[in-house]
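Below is the structure:
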């Protein structure tokens, strides 16, 4: 399988997702920026702003090529002496809705290939409701579990735990949202706890995850787009977006890597919300919907069981 | 000189600054939280919100004691075998005004002492105008230069350059604001390019810097508190605050260190603005006041000369 086949899939995935999101939003339209990366390759960043459902959302495709950066070498435990070139391609998405009852969502699917033949897939999808709705959390996780189960019986358990650990804000002792799945360094000969999947099988899994995005999120957009909300609930949304900023800028490995290796800043930071607030030492009223949400932002809740 | 003398000065500095800020603001009052640090010692955090001039401002005093954390050991190039205890004490300030013509300001003065007798001072003060006003930048830098010059002829040149390098946002290729001074690891036997200052002399310098804060900032509050501003200028302020968030969460060493060593999150993040916005790929109109400000957010402008 050549890298072009994977790039073509990711490009088409970006097209299909943007089309589904636009159709569901009804008003917002994506604008596109085509850009080149300083080391080679480039991408196309698509932004939707001020839609009917979405306040700001980004869907980014990129395929960056170049020599392996020292920072990446270190992160991947590569030797110093070989002349490694890489291709890194993928699709990244973050959506910030207007209505605080519609959740924030993030998805990323990606593929790395080194000139020595090593390659791997990675990705993840996680949901960050401003207000946790248990039936939505169950729907989200059971949909992801079905997608995982079609490819390997261990994937959901392993990758949902990985998401709990990855999408976690240590300085707040909170998960970012209600989790999802996260996976990385899935190499053809090592994946699946000893039950190796071929490269084609891994790609099929990643395709399935990528294609699960639009049905999941358009359903949640439709379900909650007309939920009434108060000014106080909008303020809570701004505070939760503040946490989203904290996670992305302080802890997210992909964001840090992108910023430190001189990636395209506007594409990396398209994940940031249009507006975020911070209020010193804010604590919701005991028993409130906001307090209930905080109680559900923790690891190991097993929404799919 | 005992550490208690330095702690007493920092406590009094916090008191004096809060008093001067309250008197100038006229409406806002500081509320205080006393807290203990998990490793020993603690602090008192004071927050002012919704004042007449200040939208949100924090003045934090702390004196934290404990065993040297592995993360700090590494940062300070300490050996692994000795049983180091430390005291870290200081005052940190960030002020976010309502009026976009009043600048954001930050100040920090601090002192570290290790159980082996090693000690050093550090600190800095920098100004982040939403709109750069050249006469304000000159006033700010010449005031700091005078304070530096009273203690060592090389300090201003050295520390203003250090501030340009420290308060810099690589992924935006912008300085955070118009700089100021920054200094660290000033040890009694090493400071001043070979012209050693005694511990008492270094403390006198740090006192002078700390005491320069209130006169500088109350003057700028008064000068601009009643400047008229438009909704579009307020929006620009929110975008500039977004950059402030990016600097503090991605690049600021003190913030990262605090969050990674399980410091008191609300005291560390009191530096974040009450509201920050991000707009994809925003670029001000050529020739506008916003564009002129961006042109002045670079290193080496020599405002004091």
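Residue numbers (my numbering), protein chains in the order written: chain H, 4 to 308; chain Z, 4 to 308. Using N, Cα and C, we set each Cβ at its ideal position, and we do this for glycine too.
Closer than 9 angstroms to chain Z by CB, residue 253 of chain H:
So yes, residue 253 of chain H belongs to the interface.
Please state the DSSP three-state secondary structure of residue 42 of chain Z.
Coil at residue 42 of chain Z, not helix or strand.
Do three or more CB pairs link the region 246-254 of chain Z to the region 249-265 of chain H at distances below 8 angstroms?
The answer is yes - the region 249-265 of chain H touches the region 246-254 of chain Z, with three or more Cβ pairs under 8 angstroms.
Is the beta carbon of residue 31 of chain H sitting closer than 9 angstroms to the one on residue 51 of chain H?
yes
Proximal residues, the region 202-230 of chain H versus chain Z, C-beta separation under 7 angstroms
For the region 202-230 of chain H, the beta-carbon criterion of a distance under 7 angstroms to any beta-carbon of chain Z is satisfied by none of its residues.
Going along the chain, which unbroken runs of the beta strand (DSSP E) with 3 or more residues stay wholly within the region 136-200 of chain Z?
183-189
Collapsed DSSP secondary structure at residue 303 of chain Z in the structure displayed
Assignment of residue 303 of chain Z by DSSP, reduced to helix, strand and coil, places it in the coil class.
Residue 279 of chain H: which of H:222, H:59, H:46 sits nearest, CA to CA?
H:59
What does residue 281 of chain H reach in chain Z if we use C-beta pairs closer than 9 angstroms?
59, 248, 272, 273, 275, 276, 277, 278, 279
Determine whether the Cβ of residue 262 of chain H lies closer than 9 angstroms to any Cβ atom of chain Z.
A Cβ of chain Z is located within less than 9 angstroms of the beta carbon of residue 262 of chain H.
Where DSSP assigns a beta bridge to residue 114 of chain H, which residues make up the other side?
H:92, H:124
Contact criterion: CB-CB distance below 9 angstroms. Does residue 294 of chain Z meet it with respect to chain H?
Closer than 9 angstroms: no.
Give me the subset of the region 75-108 of chain H whose CB atoms are less than 9 angstroms from a CB atom of chain Z, sorted by chain position.
none
In chain Z, what lies closer than 8 angstroms to residue 268 of chain H by C-beta?
174, 175
Just curious, the alpha helix (DSSP H) that residue 7 of chain H is in, first and last residue?
6-28
Would you list, in chain order, the members of the region 39-53 of chain H that have their beta-carbon closer than 9 angstroms to a beta-carbon of chain Z?
Contact residues of the region 39-53 of chain H toward chain Z are 48, 50, 52 (C-beta to C-beta distance below 9 angstroms).
Using CA atoms only, rank isn't needed, just tell me which of H:301, H:141, H:152, H:245 is closest to residue 311 of chain H.
The structure shown does not extend to residue 311 of chain H, since chain H is modelled only from 4 through 308, so no value can be given for it.
For residue 129 of chain H versus residue 104 of chain H, is the C-beta distance shorter than 9 angstroms?
no
Quick check on DSSP: helix, strand or coil for residue 64 of chain H?
strand
Which residues bound the beta strand (DSSP E) around residue 288 of chain Z?
Segment: none, residue 288 of chain Z is in no beta strand (DSSP E) and carries neither H nor E.
Where do the ends of the beta strand (DSSP E) carrying residue 229 of chain Z lie?
Taken as a continuous stretch (DSSP letters only), residue 229 of chain Z belongs to no beta strand (DSSP E), as it is neither H nor E.
Sort out for me which residues DSSP pairs residue 36 of chain Z with in a bridge.
Z:48
When the Cα atoms are used, what is the spatial distance from residue 172 of chain Z to residue 263 of chain H?
11 angstroms
Alpha-carbon spacing of residue 100 of chain H relative to residue 91 of chain H, whole angstroms:
Approximately 29 angstroms, taken between the alpha carbons.
Reduced DSSP secondary structure (H/G/I, E/B, other) of residue 280 of chain H
strand
Coarse secondary structure for residue 69 of chain H, derived from DSSP in three states
Three-state DSSP puts residue 69 of chain H in a strand.
Any beta-carbon of chain Z closer than 9 angstroms to the one on residue 31 of chain H?
no
In chain order, what residues of the same chain lie with their CB nearer than 6 angstroms to the CB of residue 47 of chain H, ignoring the 5 residues before and after it?
Exclusion of the five residues before and after residue 47 of chain H leaves 35, 37, 64 as the residues of its chain whose Cβ lies within less than 6 angstroms of its Cβ.
Tell me whether residue 57 of chain Z sits in a helix, a strand or coil according to DSSP, three-state version.
strand
DSSP state of residue 131 of chain Z mapped onto helix, strand, coil
strand
Look up residue 98 of chain Z in the DSSP assignment and say whether it is helix, strand or coil.
Looking at residue 98 of chain Z - three-state DSSP - the assignment turns out to be strand.
Are the Cβ atoms of residue 68 of chain Z and residue 88 of chain Z separated by less than 9 angstroms?
yes
Report yes if the CB atom of residue 247 of chain H is closer than 9 angstroms to the CB atom of residue 270 of chain H, and no otherwise.
no
Contact under 9 angstroms by Cβ, residue 167 of chain Z with residue 303 of chain Z:
In this structure, residue 303 of chain Z lies closer than 9 angstroms to residue 167 of chain Z by Cβ.
Terminal residues of the alpha helix (DSSP H) in which residue 246 of chain H lies
234-249
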